[in-house]
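Chemist:
Protein chains: 2
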Amino acid sequence: MIYHAPLKDIRFALNELAELPAVCSLPGYEDASVELVDAILEEGAKFAENVLAPINKQGDQGARLDGNIVTSAPGFKDAWQQYVEAGWVGLRAPAKFGGQGLPALVALATEEMWCSANLAFSLAPLLTLGAIEALNHHASDELKAVYLPRMSAGEWTGTMNLTEPQAGSDLAQVRTKAQPQGDGTYRISGQKIFITWGEHDMADNIVHLVLARLPDAPAGVKGISLFVVPKFLINADGSLGERNDVRCVSLEHKLGIHGSPTAVMSFGDNGGAVGYLVGEANKGLSYMFTMMNHARLGVGIEGMAVSERAYQAAVAYAHERVQSRAIGSPDLAGVAIIKHPDVRRMLMTMKAQIEAQRALAFYTAAALDRAARHPVPDERARNQALVNFLIPIVKGWNTEQANEITSLAVQVHGGMGYIEETGVAQYYRDARITAIYEGTTGIQALDLIGRKTASENGATARWLLNEVAATAERLKAAGFASLSANLAAAVVEAERCVAFIVDTFAAQPQLAGAGAVPFLKLMGIVLGGWQLGRAALIAKAQSGEDGADVEFLAAKQITARFYGEHLLRQVAGLAAAIVAGADSVLALDDSQF
Amino acid sequence: MIYHAPLKDIRFALNELAELPAVCSLPGYEDASVELVDAILEEGAKFAENVLAPINKQGDQGARLDGNIVTSAPGFKDAWQQYVEAGWVGLRAPAKFGGQGLPALVALATEEMWCSANLAFSLAPLLTLGAIEALNHHASDELKAVYLPRMSAGEWTGTMNLTEPQAGSDLAQVRTKAQPQGDGTYRISGQKIFITWGEHDMADNIVHLVLARLPDAPAGVKGISLFVVPKFLINADGSLGERNDVRCVSLEHKLGIHGSPTAVMSFGDNGGAVGYLVGEANKGLSYMFTMMNHARLGVGIEGMAVSERAYQAAVAYAHERVQSRAIGSPDLAGVAIIKHPDVRRMLMTMKAQIEAQRALAFYTAAALDRAARHPVPDERARNQALVNFLIPIVKGWNTEQANEITSLAVQVHGGMGYIEETGVAQYYRDARITAIYEGTTGIQALDLIGRKTASENGATARWLLNEVAATAERLKAAGFASLSANLAAAVVEAERCVAFIVDTFAAQPQLAGAGAVPFLKLMGIVLGGWQLGRAALIAKAQSGEDGADVEFLAAKQITARFYGEHLLRQVAGLAAAIVAGADSVLALDDSQF
């Protein structure tokens with residue numbers, strides 16, 4: 001299955017909608033420029049297309065566990081070596097430790113390409129970057145000096161060890177123990193599950209970040225500390241020393257992302273794994289939260305990226321497959337199925353949502369960069385509020401729709417879609433994890449209605465909806481009557497829902513909770529429509545310019561209209577369910593299911 | 001994974017909504033009675049729960065091909081033997097040939113249980129019944145005498161050989177050849193793909209029904225004939241003779257239903273497989289259409305049945321899994337996740353749709369029985385029109401929603417849902433075929449808007465919508481204000497869509513086609529809501545009776561309200577897309593995708 005990085009749309013979303021030039025002018029990002037980013041994207045596209053995409057299908061054969069040794073899927077070790085040598089690992093790692101310190105916006109645009117090309121592979125660098133970020137923010141200078149340069153170079157990879165069998169999303173239940181040794185080190189013992197790339201043979205060392213409890217720690221989430229536990233201990237001279245007391249005891253047999261080994265990790269079977277405390281004791285959870293926004297945005301990118309890959313496969317098949325005459329045509333000869341209106345409806349449904357999701361994710365990434373680097377404190381705060389509000393939406397909406405979009409790609413293939421050799425079934429299986437890990441959609445939605453909406457009386461939600469309404473006005477003036485009307489109507493419905501959540505969350509959280517996921521989807525649809533509305537305005541303005549890509553800009557305007565007539569029209573039904581349907585969600589007794 | 005046949009709801013849908021007593025009074029069905037059917041359902045439930053369900057997971061390991069020999073999945077051969085001995089194969093086969101000749105309604109209720117328990121297994125009897133039906137309607141008495149008794153007894157199984165690599169849904173492209181031998185037999189040669197249970201070791205013989213062309217046949221669908229091609233030829237005394245020149249050359253590696261071998265069949269590699277013409281030459285396609293309604297209704301049942309199984313797994317997990325405190329509760333202790341509003345929303349979404357789908361499928365099956373057996377010709381015609389209209393909806397809607405419902409079951413399981421050992425991922429994979437085979441949703445929808453709506457000026461559609469409106473009135477009078485209002489509003493939207501399709505189909509079929517699948521879904525939602533509305537009325541009336549199952553009847557009324565507030569509210573958005581959104585589906589050039 002060939003992958004073509006959609007550079008035209010990535011550039012449009014990056015430069016026009018997420019306003020890359022403004023991001024490049026933020027303090028600390030002065031070395032970045034649209035031209036540099038363009039060159040990076042070109043190189044990234046080649047790498048994704050030529051190195052990562054071709055091994056995606058063989059990656060589906062999975063990693064192999066023998067004893068405690070994991071052999072990565074065929075071709076992965078070599079691809080990692082090339083990825084490291086090309087310097088991709090450190091793109092957004094701090095320059096101080098050998099990274100390139102580029103804006104999150106730029107890094108996420110390249111991450112889209114890795115995820116489209118090979119989702120299973122992409123998780124190795126993603127987890128490594130998350131570990132780098134956590135250490136960079138919270139670890140001592142000594143720990144940073146030991147770990148960050150090697151991790152930023154990709155010599156060592158990183159993992160996150162949070163989940164335990166009894167503690168899925170509820171980290172208050174974490175039981176893994178950390179025993180202080182008096183020499184500044186700790187002995188870690190316990191079992192962690194669902195550890196992505198927890199063991200493999202691609203890098204020399206694996207740096208596990210582990211949540212555990214000190215002996216005197218308070219119960220619940222306030223008693224969790226964060227530790228570094230390397231697979232191989234590090235000698236004083238920086239060379240690799242003894243094997244630490246941590247091992248992979250099994251790999252999960254999963255629905256998809258087979259190329260990414262998901263390990264059950266056992267710490268301390270032989271006396272305790274040596275670990276080093278990151279930052280202060282009992283602050284592990286808040287340290288994890290530091291990188292959660294980035295990780296969740298990353299998973300939102302993953303969902304959209306797998307959708308993009310599946311869309312490309314569907315388009316290629318629809319051009320190539322000849323089947324049945326054109327509807328209403330007297331000519332009995334078969335036509336390419338892209339001529340059939342229902343196939344076209346499926347492709348438009350995929351395309352419109354992917355473009356909206358890309359735009360919204362990049363917009364959010366730009367806000368993340370502003371929140372971190374804007375010179376004006378108020379602007380940092382305003383952007384942080386935006387990021388906080390948008391990230392559960394990007395994570396939840398992009399990934400839920402990835403299930404639908406990859407399913408449509410299977411459907412476009414008909415019977416061939418159900419045959420694994422065709423390749424599109426893999427995207428369907430791979431995509432399914434994205435709405436689950438890094439917090440299920442239900443957890444994103446609860447975060448959205450509680451900490452991100454009710455707790456601030458809907459301020460950010462309403463600010464965003466005012467922006468959407470203003471865009472609807474501009475669309476009207478520019479002649480986009482249908483899109484403008486659909487967008488304006490959706491804003492009214494969304495505002496009703498925000499009011500309902502603000503009004504009920506404190507006193508009747510069950511009622512608000514019943515509509516949490518529908519609210520998340522509704523906001524995804526509205527804000528995605530907003531981005532396509534902005535895109536349509538820009539496309540129209542640009543299409544008169546010299547050298548304009550008229551076909552691309554025309555498609556953008558049509559796609560936005562389609563989105564309004566098909567996606568935005570779902571909003572009223574969702575709003576009704578949220579505002580008037582909570583009682584019936586909750587009315588049955590447990591025993592009546 | 002335990003399966004409990006939902007007998008309470010099956011009986012309610014059968015007896016109250018599909019009016020089984022009236023079906024049992026049709027000529028030819030006098031031997032059937034509610035009591036007999038009840039006993040059959042009890043036995044069927046035990047068989048499904050104790051024999052078929054326990055081997056479903058091991059069936060996922062798949063059948064094995066060595067040379068041309070297929071070994072069925074572990075346990076399947078033995079289960080088939082038990083299935084045959086218990087007499088399940090012939091439940092709706094004609095009594096004249098050893099079957100029990102029961103109504104389709106009764107047979108489909110048992111088929112739901114087979115499909116829930118083990119979808120891959122259930123396809124063997126389903127295909128056999130389809131072949132029995134085709135032969136019984138169209139074959140000569142000689143062919144019937146040879147094949148039907150052994151097939152009705154389950155000694156031999158049947159297959160349908162339609163698809164060829166170049167001819168997926170477009171049977172006009174069929175190229176397989178049939179050469180008359182002058183002795184009344186034919187030599188068949190060609191390759192067929194996607195042949196369900198095309199080769200296996202469960203039965204003594206396999207009876208292939210094959211579409212092929214005679215040498216002088218006209219081009220297109222008017223030149224296709226139907227042949228019987230047995231795996232083993234039959235001697236004059238009825239014993240099995242020589243191996244015929246037909247063999248399985250490979251098995252597909254599929255996304256799901258691994259227990260069902262999907263074969264590539266090669267006919268005539270050594271001179272031609274001996275075949276016997278069924279009925280008249282060049283009428284093969286119309287013969288296939290005879291059994292298409294039954295087969296498509298069967299696949300609609302499959303979709304609902306896999307959804308039911310997935311729902312049961314989700315409910316069990318939601319009761320058992322303790323995770324996080326209750327929202328808004330000061331008590332920090334974790335609770336079973338069924339207490340969380342979003343989990344409840346997911347379970348309600350599954351439950352409400354499954355019950356609506358079961359009711360609509362059974363209602364359709366009863367119409368199928370009336371269309372075949374009603375003594376009054378007008379009633380037969382009226383019911384045939386109903387069946388024709390409803391079947392693409394039941395097939396398309398039940399199976400499209402099966403993708404969503406099984407996905408929700410995965411989601412309820414969180415990370416565990418992505419691990420194959422948990423079992424729920426298998427339902428997600430298995431379900432995915434149902435919206436594809438026996439005609440994709442796109443094909444069902446085109447059939448619905450064309451042959452079933454536009455060609456009769458929307459008569460049946462409007463008749464049904466009038467019934468729905470009348471139910472909405474009755475609901476209002478009975479105090480179901482919310483459901484009544486939602487149903488009535490949905491009828492108005494549905495009527496707009498029927499008018500749009502009737503008005504545009506002839507002159508602008510592309511416009512109507514762009515909204516075909518949304519229209520199919522819309523009608524599914526409206527008619528499912530109608531059935532739940534009828535159910536709510538009956539449940540309310542019955543709940544005052546002595547010995548009433550008050551909990552079940554109360555749940556039914558709440559479930560109907562939920563359906564109104566959540567599912568029926570989607571109708572307006574779909575209608576808007578159908579009526580006002582067709583242009584934007586079609587506006588891009590092929591090259592702009």
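Those protein sequences? They're chains B and Z, same order as listed. Each residue of the first sequence is one higher than the last, beginning at 1 in UniProt numbering. Each residue of the second sequence is one higher than the last, beginning at 1 in UniProt numbering. We put the CB at the ideal spot given by N, CA and C, even for glycine.
Compare the Cα-Cα distances from serine 329 (chain Z) to each of B:Pro375, B:Phe505, B:Met202 and report the closest residue.
Modeler: For the residues B:Pro375, B:Phe505, B:Met202, the minimum Cα distance to serine 329 (chain Z) belongs to B:Phe505.
Chemist: If contacts are defined as beta-carbon pairs under 8 Å, then alanine 93 (chain Z) and leucine 129 (chain Z) qualify, I think. What distance do you get, rounded to the angstrom?
Modeler: Going by Cβ atoms, the distance from alanine 93 (chain Z) to leucine 129 (chain Z) rounds to 7 Å, so yes, they are a contact pair.
Chemist: Compute the minimum distance between the beta carbon of asparagine 457 (chain Z) and the heavy atoms of the ligand SAM, and state whether it is under 7 Å.
Modeler: The ligand SAM is not part of this structure, which contains no ligands at all.
Chemist: Just curious, the beta strand (DSSP E) that asparagine 205 (chain B) is in, first and last residue?
Modeler: First-last of the beta strand (DSSP E) with asparagine 205 (chain B): 205-212.
Chemist: In this structure, what does DSSP give as the bridge partners for isoleucine 195 (chain Z)?
Modeler: Beta-bridge pairing links isoleucine 195 (chain Z) to Z:Ala263.
Chemist: Of the choices Z:Ile257, Z:Lys254, Z:Val249, whose alpha-carbon is the least far from that of methionine 265 (chain Z)?
Modeler: Answer by Cα proximity: Z:Val249.
Chemist: Using a beta-carbon distance below 8 Å, is proline 218 (chain Z) in contact with chain B?
Modeler: Chain B, which has no Cβ nearer than 8 Å to the Cβ of proline 218 (chain Z), makes this no.
Chemist: In the DSSP assignment, find the unbroken beta strand (DSSP E) run with leucine 171 (chain Z) in it and report its ends.
Modeler: From DSSP, leucine 171 (chain Z) is part of no beta strand (DSSP E); its letter is neither H nor E.
Chemist: I want to see whether chain Z comes within less than 8 Å of tyrosine 437 (chain B), judged by CB atoms only; does it?
Modeler: Chain Z contact via Cβ: present.
Chemist: Beta carbon of leucine 559 (chain B), beta carbon of leucine 532 (chain B): below 8 Å?
Modeler: Contrary to the premise, residue 559 (chain B) reads as threonine rather than leucine in this sequence. Against a cut-off of 8 Å, the Cβ pair of leucine 532 (chain B) and threonine 559 (chain B) comes out as a contact.
Chemist: Which same chain residues, not among the five before or five after methionine 1 (chain Z), have their C-beta less than 6 Å away from its C-beta?
Modeler: Answer for methionine 1 (chain Z): Ala313, Gly423, listed in chain order.
Chemist: Using 10 angstroms around the beta-carbon of valine 229 (chain Z), count the other beta-carbons present and answer buried if the total reaches 16, otherwise exposed.
Modeler: That one is buried.
Chemist: For the putative contact between leucine 448 (chain B) and phenylalanine 519 (chain B), defined by C-beta atoms under 8 Å, what is the C-beta separation to the nearest angstrom?
Modeler: The Cβ separation is near 7 Å, so the contact holds.
Chemist: Per DSSP, what kind of secondary structure is tyrosine 311 (chain Z) in: helix, strand or coil?
Modeler: Of the three classes helix, strand and coil, the one that applies to tyrosine 311 (chain Z) here is helix, per DSSP.
Chemist: Determine whether the beta carbon atoms of threonine 159 (chain Z) and threonine 185 (chain Z) lie at a separation below 8 Å.
Modeler: No, these two residues do not count as a Cβ contact at 8 Å.
Chemist: If lysine 521 (chain B) sits next to glutamate 400 (chain B), beta carbons under 8 Å apart, how far is it from one beta carbon to the other, in whole angstroms?
Modeler: 7 Å between Cβ atoms; contact.
Chemist: To the nearest angstrom, how far is it from the Cα of aspartate 546 (chain B) to the Cα of serine 239 (chain B)?
Modeler: Rounded to the nearest angstrom, the two C-alpha atoms are 58 Å apart.
Chemist: Would a check of beta-carbon distances place glycine 414 (chain Z) closer than 8 Å to chain B?
Modeler: So yes, glycine 414 (chain Z) belongs to the interface.
Chemist: Give the residues of chain Z in contact with tyrosine 418 (chain B), contact being defined as C-beta atoms less than 7 Å apart.
Modeler: Neighbours of tyrosine 418 (chain B) on chain Z, chain order: Lys254, Leu255, Arg432, Ile433, Ile436.
Chemist: Just how far apart, CA to CA, sit asparagine 398 (chain B) and valine 571 (chain B)?
Modeler: Cα to Cα, asparagine 398 (chain B) sits roughly 16 Å from valine 571 (chain B).
Chemist: Which chain B residues are close to alanine 120 (chain Z), counting only those with a beta carbon under 7 Å from its beta carbon?
Modeler: Within 7 Å Cβ-Cβ: nothing; alanine 120 (chain Z) doesn't reach chain B, min ~13 Å.
Chemist: Count the other CB atoms within 10 Å of the CB of proline 218 (chain B); is the residue buried (16 or more) or exposed (fewer)?
Modeler: Result: exposed.
Chemist: Threshold first: 4 residues or longer. Then list the alpha helix (DSSP H) segments lying entirely within the segment 79-148 of chain Z, N to C.
Modeler: Taking only runs of at least 4 residues, the alpha helix (DSSP H) segments lying wholly in the segment 79-148 of chain Z are 104-117, 119-138.
Chemist: Once you ignore the five residues that flank asparagine 457 (chain Z) on each side, which residues in its own chain have a CB closer than 6 Å to its CB?
Modeler: Same-chain partners within the cutoff: Val502.
Chemist: Would you kindly work out how many angstroms separate the C-alpha atoms of threonine 429 (chain B) and leucine 332 (chain Z), rounded to a whole number?
Modeler: Contrary to the premise, residue 429 (chain B) reads as arginine rather than threonine in this sequence. Near 36 Å, if we compare the C-alpha coordinates of leucine 332 (chain Z) and arginine 429 (chain B).
Chemist: Kindly identify the DSSP beta-bridge partner or partners of glycine 158 (chain B).
Modeler: In the DSSP output, where bridge partners are listed per residue, glycine 158 (chain B) has B:Val207.
Chemist: Let me confirm a value: alanine 18 (chain B) is counted as buried when at least 16 other C-beta atoms fall within 10 Å, else exposed. Which label applies?
Modeler: Looking at its Cβ environment, which holds 16 or more other Cβ atoms inside 10 Å, alanine 18 (chain B) is buried.
Chemist: Using a Cβ-Cβ cutoff of 7 Å, what residues of the segment 346-357 of chain B are near chain Z? List them in chain order.
Modeler: The residues in question are Leu347, Met348, Lys351.
Chemist: Since I believe glutamine 100 (chain B) is in contact with leucine 91 (chain B) (beta carbons under 8 Å), could you give me their beta-carbon distance rounded to a whole number of angstroms?
Modeler: Right, the Cβ-Cβ distance comes to about 5 Å (below 8 Å), so this counts as a contact.
Chemist: Say whether chain B places a C-beta atom closer than 8 Å to the C-beta of aspartate 590 (chain Z).
Modeler: It does; some Cβ of chain B falls within 8 Å.
Chemist: When we look at the beta-carbon of alanine 582 (chain Z) and count the other beta-carbons within 10 Å, is it buried (16 or more) or exposed?
Modeler: When all chains shown are included, alanine 582 (chain Z) counts as buried.
Chemist: Can you give me the C-alpha to C-alpha distance between valine 84 (chain Z) and valine 207 (chain Z), rounded to a whole angstrom?
Modeler: Taking the straight line joining both Cα atoms gives about 16 Å.
Chemist: Quick one: is phenylalanine 194 (chain B) near chain C, going by C-beta distance under 8 Å?
Modeler: The question asks about chain C, but that chain is absent: this structure's protein chains are B and Z.
Chemist: How close, in whole Å, do the beta carbons of leucine 408 (chain B) and leucine 297 (chain B) come, if the pair is a contact with beta carbons under 8 Å?
Modeler: Not a contact, Cβ separation roughly 24 Å.
Chemist: List the whole-angstrom C-beta distance separating proline 261 (chain B) from histidine 200 (chain B), where the pair is believed to meet the contact cut-off of C-beta under 8 Å.
Modeler: That belief holds up - the Cβ atoms of proline 261 (chain B) and histidine 200 (chain B) are roughly 6 Å apart, short of 8 Å.
Chemist: Would you verify that the beta carbon of serine 324 (chain B) is, or is not, closer than 8 Å to some beta carbon of chain Z?
Modeler: Interface residue, yes.
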